[in-house]
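K.L.:
Quick note: the sequence shown uses my numbering, first residue 687, plus one each step. One structure is given below, represented as structure tokens, and several questions about it will come after.
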Amino acid sequence: MNLYIENRVLSIADYIIETGATVRAAARVFGVSKSTVHKDITERLRQINRNLGEQVAVILEQNKDERHIRGGMATREKYLHREIED
């Protein structure tokens with residue numbers, strides 16, 4: 687595997703573990719697509735460091751379980767701001 691890709695994968699994994707970031711947030715920080723982050727952490731990371739891959743998988747699963755809550759909060763905020771503007 688290319689050294690640049692390996693370093694990116696490890697950097698993204700460290701970032702997600704330290705911050706609990708979502709795939710979307712990590713993609714913004716590292717300037718890559720969500721698809722790239724997803725492939726990096728679900729496929730490439732396990733080849734490089736299985737233990738780190740398992741740690742990231744736990745965080746991603748937690749984010750997945752919480753996404754409906756974040757979506758509901760975003761919708762709530764949207765309508766609260768709409769009422770203020772009206």
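Note that CB positions come from ideal geometry on N, CA and C, so glycine has one too.
1. Mapping the DSSP letters down to three states, classify Gly757 as helix, strand or coil.
2. Would you kindly check if the distance between the Cβ of Arg730 and the Cβ of Val695 is under 8 Å?
3. Which of helix, strand or coil does DSSP assign to Val744?
4. Please report the distance separating the alpha-carbon of Ala752 from that of Lys764.
5. Which of the three DSSP states, helix, strand or coil, is assigned to Ile719?
6. For Glu692, report the span of its alpha helix (DSSP H) as first-last.
7. Return the CA-CA distance between Val744 and Met687, expressed in angstroms with no decimal places.
P.N.:
Taking the coordinates as given:
1. Residue state, collapsed to three classes: helix.
2. yes
3. helix
4. Note on residue identity: the sequence assigns Glu, not Ala, to residue 752. Cα to Cα, Glu752 sits roughly 19 Å from Lys764.
5. What sits at residue 719 in the sequence shown is Ser, not Ile. Looking at Ser719 - three-state DSSP - the assignment turns out to be coil, as it is neither helix nor strand.
6. Leu689 to Thr705
7. Spanning the two alpha carbons is a distance of roughly 25 Å.
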